[in-house]
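With the first letter of the sequence shown counted as 1, position 4 gets the number 4 in UniProt numbering; the numbers rise by one all the way through. Virtual Cβ for every residue (Gly too), placed ideally from N, Cα, C.
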Amino acid sequence: MPTATARHILVSTEAECLQLKAEIEAGADFAEVARKHSACPSRMQGGDLGAFVPGQMVKEFDEVVFSGEVNKVLGPVRTQFGYHLIEITRRW
């Protein structure tokens with residue numbers, strides 16, 4: 001079964017998500033942005049979600065993590081929780 005590690009930032013609006021993505025793409029540190037802005041408890045670990053397999057996260061999140069490009073900031077991805085920026089750090 002495929003496994004991945006990822007980190008993410010969760011915010012309530014698409015506009016905020018796009019703004020944070022632009023900051024990261026301009027050189028801001030993903031983990032620092034997560035610590036300052038993410039609504040998810042994972043913010044304390046810089047957005048790190050650890051390792052997981054398909055089905056452990058909501059469908060929209062899983063689809064991106066198990067098909068998207070590794071080491072690239074992806075999103076906004078809308079789920080029932082809000083808008084996510086996702087960085088897949090490893091997939092095997």
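First through last residue of the alpha helix (DSSP H) which encompasses residue i
i, result
"Val-64", "59-65"
"Glu-32", "30-37"
When the options are compared against residue i, the one with the closest alpha-carbon
i, options, result
"Gln-19", "Ile-88, Arg-91 and His-84", "His-84"
"Pro-2", "Glu-63, Ile-9 and Cys-40", "Glu-63"
"Val-70", "Asp-29, Phe-81, Ile-86 and Gly-46", "Ile-86"
Collapsed DSSP secondary structure at residue i in the structure displayed
i, result
"Phe-52", "strand"
"Pro-76", "strand"
"Ala-22", "helix"
Strand pairing of residue i, partner residues [DSSP]
i, result
"Glu-14", "Note: Glu-14 sits in no beta bridge, so no partner."
Test: residue i CB closer than 7 angstroms to a CB of chain C
i, result
"Pro-76", "Judged by its chain identifiers, the structure shown contains no chain C, having just a single protein chain."
N- and C-terminal bounds of the beta strand (DSSP E) containing residue i
i, result
"Gly-82", "82-91"
Local Cβ density within 10 Å of residue i, reported as buried at 16 or more and exposed below that
i, result
"Ala-34", "buried"
"Pro-76", "buried"
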